[in-house]
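Let me begin by presenting the structure, written as C-alpha cells, before commenting on it.
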Amino acid sequence: MRGSENRPTGGNLSGEAGVPVSVDTRTQSPAQPVTAPATTEFESFVAARSGALFGTAVLLTGDRHTAEDLLQTALAKSWLSWRRITGDPEAYVRRVLVNTYISMWRRRWNGETPTEALPETASADGTDPASRQDLVAALHRLPKRQRAVLVLRYLEDLAEREVAELLGCSVGTVKSQASRALAKLAADTALREEDHR
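Set out below in C-alpha cells:
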C-alpha cells in the first residue's frame with residue numbers, strides 16, 4: 066500500500082499515527098526513510114513475540130489495560146531504534162519494557178490494586194487455572210521491585226546478572242529481593258488456604 070511503508074502496520078502498533086520514520090536524526094538525514102525490509106522485520110517481530118511480551122507486561126503491571134499501554138510504549142520506543150539493534154531484538158525490547166515499567170512505578174502512586182480477575186484458561190501442563198489465578202494475585206501483593214525480580218528471574222528465566230542489568234541494581238540486590246519475595250509468597254495466608262482446600 067502506497068504511503069504505508071514508513072510505519073508499522075501490524076501487531077499492537079497497527080495504524081498508529083505519529084510514529085517517526087527517522088530512527089536517529091543525529092546520525093542520518095531526517096529525509097532518509099526507514100527501509101521496507103526494516104519495517105517488515107519489525108512487523109514480523111511484533112506478530113511473533115508481542116503475545117509473550119504482553120504476558121510479561123500483565124505479570125508486571127497486574128492490569129491488562131496498563132499492560133497494553135506498557136507494551137505499546139515499549140514497542141514504539143523500540144521502533145525508533147530498530148535499525149540500530151544488534152543481537153537479539155527480543156532482549157532489547159524486553160529491556161525497554163522493563164525500564165518503561167520501572168519509570169511508570171517511580172512516577173505514579175503505588176497504592177493501586179488490580180480489580181479485574183485474569184481470565185481462566187486451559188493449561189497445557191494440567192495446572193489448575195484457579196490455583197494459577199491465586200498465585201498471580203499473590204504475586205501482585207508483593208512490592209513492585211520484588212515482583213519484577215520474580216517475573217524476570219523465574220518466569221522469564223533470566224540469569225541473576227541479566228535481571229540486575231535490566232533493573233539497574235547489583236546481583237546481590239536481585240538475590241536478596243528474590244529471597245524476600247519467595248518468603249512472602251510462602252507466608253501468604255491466601256495461598257496456604259488454597260493448598261488446604
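Numbering-wise (this note's numbering), the sequence shown opens with residue 66 and increments by one. Yeah, the Cβ is synthetic: ideal placement off N, Cα and C, and Gly gets one too.
Between the Cα of residue i and the Cα atoms of the options, which residue gives the shortest distance?
i: LEU136; options: ILE150, ALA202 and ARG159; result: ARG159
i: GLN211; options: ARG197, ILE167 and LYS142; result: ILE167
i: GLN198; options: THR105, ALA156, LEU124 and PRO154; result: LEU124
i: LYS209; options: THR104, TYR219, MET169 and ALA229; result: MET169
i: SER196; options: THR138, LEU118, THR105 and ALA255; result: ALA255
Straight-line CA distance for residue i to residue j?
i: THR151; j: LEU247; result: 35 Å
i: SER244; j: ALA203; result: 15 Å
i: ALA113; j: GLN242; result: 32 Å
i: LYS142; j: ASN164; result: 11 Å
i: GLY116; j: GLY237; result: 31 Å
i: SER235; j: VAL228; result: 9 Å
i: LEU250; j: ALA132; result: 23 Å
i: VAL111; j: THR105; result: 10 Å
i: TYR219; j: ARG149; result: 29 Å
i: LEU118; j: ASP134; result: 12 Å
i: ASP153; j: LEU200; result: 31 Å
Does the beta-carbon of residue i have 16 or more other beta-carbons within 10 angstroms, so that it is buried, or is it exposed?
i: GLY176; result: Confidence in GLY176 is poor, its pLDDT being 48 and thus under 50, which makes the residue's placement unreliable; the coordinate value appears in the next sentence. Exposed, because fewer than 16 other Cβ atoms sit within 10 Å of the Cβ of GLY176.
i: ARG226; result: exposed
i: ALA224; result: exposed
i: GLY233; result: exposed
i: ALA156; result: exposed
Apart from the five residues on each side of it in sequence, which residues of its chain come closer than 8 Å, Cβ to Cβ, to residue i?
i: GLU221; result: THR121 and ARG159
i: ASP253; result: ALA203 and ARG206
i: VAL216; result: THR121, LEU124, LEU125 and LEU204
i: VAL214; result: VAL228, LEU232, VAL239, GLN242, ALA243 and ALA246
Here's a check: name, in chain order, each residue in its chain whose Cβ is nearer than 7 Å to the Cβ of residue i, leaving out the five neighbours to either side.
i: LEU231; result: ARG160, VAL163 and LEU217
i: ALA139; result: VAL158, VAL161, LEU162 and THR165
i: SER94; result: A caution first: SER94 carries a pLDDT of 40, below 50, which makes its placement in the model unreliable, though a value can still be read off. Cβ within range, chain order: n/a, list empty.
Does residue i have its Cβ less than 9 Å from a Cβ in chain B?
i: THR254; result: The displayed structure is made up of one protein chain only, and chain B is not part of it.
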